[in-house]
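Numbering (our numbering), first residue to last: 550 to 751. Even for Gly, the Cβ is constructed at its ideal location relative to N, Cα and C. Please read all numbers here as calculations on a predicted model, not as lab measurements.
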């Protein structure tokens, strides 16, 4: 009986190890696809910004007097998805396109706007913890610069002011934080949200 029980435990253990290896391989494959997606989309997005900027220079009618609270961020569609600009994080050697809206399918391709706007200084951007997305957010330090370039070519400069880990239920703290820019991703365990808070400096 003990031999059978021991054999069963060994079999279950082997199955669990195999499942863990398969999950790790799947996650690595998803991360690789996400990195390739960025390489494909980012140049197209940057070119779209250049094209819009060149067009607007010769068309003064594009200027707006809308209040920041109601002004909507310009969105451009690339490969069936809409983007609001891209994020530059020099300390992590990252430049990442940012989709206009989030869901779990979009997050597998690119960081996404979770809430807010650069115009009203409450932008929240979410991304998976893939190595080439937000996987190294926790490595940022106070004072590190972060830049967001919108689809009009306008540049918004920020600096890191706070790092915290929030529970998944802390929706109010994420959306109504008072910070100009918040970036967040899941912890490796999935039980928390690594959150970087930034203030706008220009």
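Residue i in three-state terms, based on DSSP
i, result
"residue 587", "helix"
"residue 664", "strand"
"residue 581", "helix"
"residue 737", "coil"
"residue 699", "strand"
Proximity of residue i and residue j at Cβ, strictly below 7 angstroms
i, j, result
"residue 708", "residue 692", "yes"
"residue 662", "residue 649", "yes"
"residue 689", "residue 734", "no"
"residue 730", "residue 672", "yes"
"residue 639", "residue 594", "no"
Span separating the alpha-carbon of residue i from that of residue j
i, j, result
"residue 631", "residue 701", "14 angstroms"
"residue 670", "residue 628", "28 angstroms"
"residue 635", "residue 658", "13 angstroms"
"residue 642", "residue 599", "22 angstroms"
"residue 695", "residue 706", "6 angstroms"
"residue 589", "residue 750", "30 angstroms"
For residue i, the first and last residue of its enclosing beta strand (DSSP E)
i, result
"residue 713", "704 to 715"
"residue 648", "643 to 648"
"residue 544", "This structure does not reach residue 544, given that the chain is present from 550 up to 751, and the question cannot be answered."
"residue 626", "625 to 627"
Extent of the continuous alpha helix (DSSP H) run through residue i
i, result
"residue 653", "653 to 656"
For residue j and residue i, believed in contact at Cβ under 8 angstroms, the rounded distance
i, j, result
"residue 746", "residue 711", "4 angstroms"
"residue 668", "residue 622", "7 angstroms"
"residue 683", "residue 724", "Not really, about 18 angstroms apart at Cβ, beyond 8 angstroms."
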